[in-house]
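Visitor: Residue numbers (my numbering): 34 to 427.
Even for Gly, the Cβ is constructed at its ideal location relative to N, Cα and C.
Keep in mind the model is a prediction, meaning the values are calculated, not measured.
Mind having a look at this structure? Questions to follow.
Here's what the structure looks like:
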């Protein structure tokens, strides 16, 4: 029996509804990624069972990630005149694919739960979360794990690119040469959605790898004109709307909340990173937080970090999802017993800005130069961090 649309086809999400805008369509057209969603639709039409649909979803999602990485790293056709370092084709192509999957009416009964599982498989595969692989090698090759984010605040400017996502694409699978030998970088990208984090997306992606890597850093877009190495992360969601236009104001929800700390801290070698010449943007050791002091009721800004017994209201990286991914990753590090031997934390990049006067075009030379400089500087920061860690251990 053919399933009905009412049984199986939810409405497009807030993110998916943005896809029909002129800028997203231009980005897809000028990168060659406009064919990703139709390819998935054709693959789904050939599926006659849930198992076949799952294989198609995993295959097409993985291919989208591989294709985006290859484009960013100069392999294969550019697909158009959009700069190869652009992260936005991946984002908009993924939304086209999830919209196709959400609207798909198979010739068999699918059900809400199974469709949700397929959407989850597609999200994870197309974000590089399922293909983090370090080659088998001796101890001379260090292992680095780095994460980025989707574009966000798209209702403010739908043209927005996220440099942290561009960094993830540019560095995935690459090897950097440090003062203490080569290091392999593997990357993944995360959504700007509160619900995914509450459902454990960060922990599920990172838990298998943290015990096996030599260094990790979560990366996101921060302030204009500067990098920040965030010293402290807070257990608080401040309510700013995500890419689904949903806000959450609450303590960050984690497993075993009874043992949840209000604060976690970086173990990245922040002093060495700040002291190094890594690129044209200044890099700061950001120690400030906002807390409710022990016995108090009102938030207080603490430039030098939290005081004993205080309640978090913002980490150094704020109270949005960049703070939350840093908090979750470092809490996971600590709960795995790795605090004293695994360097990890959060790096905020500068805001990626368009050239002066550009209020309509999806790209311009200054926009591309800024993104390329941010990518290069993150690569340098990671190189310094690996080298400094090895010197400290030595």
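Is it true that the CB of residue 105 sits closer than 7 Å to the CB of residue 202?
Guide: Contact flag set, yes.
Visitor: In whole angstroms, give me the CA-to-CA distance for residue 417 and residue 312.
Guide: 12 Å
Visitor: Quick one: grab the DSSP three-state call for residue 219.
Guide: strand
Visitor: My parser needs the alpha helix (DSSP H) runs of 4 or more residues fully inside the segment 151-233; what are they?
Guide: 196-204, 227-231
Visitor: I'd like to know whether the C-beta atoms of residue 197 and residue 162 end up nearer to each other than 7 Å.
Guide: no
Visitor: If you measure from the CB of residue 205, is any heavy atom of the ligand HEM nearer than 6 Å?
Guide: The ligand HEM is absent from the structure shown, which contains no ligands of any kind.
Visitor: Give me the Cα-Cα distance between residue 249 and residue 382, rounded to the nearest whole angstrom.
Guide: Spanning the alpha carbons of residue 249 and residue 382 requires a straight line of approximately 16 Å.
Visitor: Per DSSP, which residues does residue 388 bridge with? Please list them.
Guide: Paired residue(s): none; residue 388 is not in a bridge.
Visitor: Can you tell me whether DSSP reads residue 353 as helix, strand or coil?
Guide: coil
Visitor: Nearest-angstrom Cα distance between residue 257 and residue 224?
Guide: Between the alpha carbons of residue 257 and residue 224 lies a gap of roughly 22 Å.
Visitor: Near residue 297, which residues of its chain fall below 7 Å by C-beta distance, leaving aside the five closest residues on each side in sequence?
Guide: 266, 360, 363, 364, 367
Visitor: With three or more C-beta pairs closer than 8 Å as the rule, is the segment 280-287 touching the segment 313-325?
Guide: no
Visitor: Pick helix, strand or coil for residue 377, following the three-state DSSP scheme.
Guide: strand
Visitor: Considering only the alpha carbon of each residue, which of 121, 348, 385, 340 lies closest to residue 67?
Guide: 121
Visitor: To the nearest angstrom, how far is it from the Cα of residue 166 to the Cα of residue 219?
Guide: Each residue's Cα considered, the two are about 7 Å apart.
Visitor: Count the C-beta pairs between the segment 179-196 and the segment 385-397 that are closer than 8 Å, then say yes if the count reaches three, no if not.
Guide: yes
Visitor: What separation, rounded to the nearest whole angstrom, lies between the Cα atoms of residue 51 and residue 308?
Guide: 42 Å
Visitor: So does the segment 76-83 actually touch the segment 137-157, counting three or more Cβ pairs closer than 8 Å?
Guide: yes
Visitor: Give a yes or no on contact between the segment 392-409 and the segment 109-120, applying the rule of three or more CB pairs nearer than 8 Å.
Guide: The answer is yes - the segment 109-120 touches the segment 392-409, with three or more Cβ pairs under 8 Å.
Visitor: Compare the Cα-Cα distances from residue 53 to each of 132, 92, 123, 264 and report the closest residue.
Guide: 132
Visitor: With a threshold of 6 Å on Cβ separation, who are the neighbours of residue 64 within its own chain once the five nearest residues in sequence on each side are excluded?
Guide: 112, 113, 115, 122
Visitor: I need the boundaries of the beta strand (DSSP E) containing residue 309, first residue and last residue.
Guide: Under the DSSP assignment, residue 309 falls outside any beta strand (DSSP E); it carries neither an H nor an E label.
Visitor: Name the two residues that bound the continuous alpha helix (DSSP H) containing residue 77.
Guide: 69-78
Visitor: How close, in whole Å, do the beta carbons of residue 102 and residue 205 come, if the pair is a contact with beta carbons under 8 Å?
Guide: Residue 102 to residue 205, Cβ: 5 Å. Contact.
Visitor: Beta strand (DSSP E) containing residue 90: first to last residue?
Guide: Counting along the chain, residue 90 falls outside any beta strand (DSSP E), though it belongs to the alpha helix (DSSP H) covering 83-105.
Visitor: Tell me the residue span of the alpha helix (DSSP H) that contains residue 292.
Guide: For residue 292, no alpha helix (DSSP H) run applies, since DSSP gives it neither H nor E.
Visitor: Per DSSP, what kind of secondary structure is residue 337 in: helix, strand or coil?
Guide: coil
Visitor: Since I believe residue 353 is in contact with residue 233 (beta carbons under 8 Å), could you give me their beta-carbon distance rounded to a whole number of angstroms?
Guide: Actually they are not in contact, since the Cβ atoms of residue 233 and residue 353 sit about 18 Å apart, beyond 8 Å.
Visitor: Using 7 Å as the threshold, is the C-beta distance between residue 130 and residue 187 below it?
Guide: no
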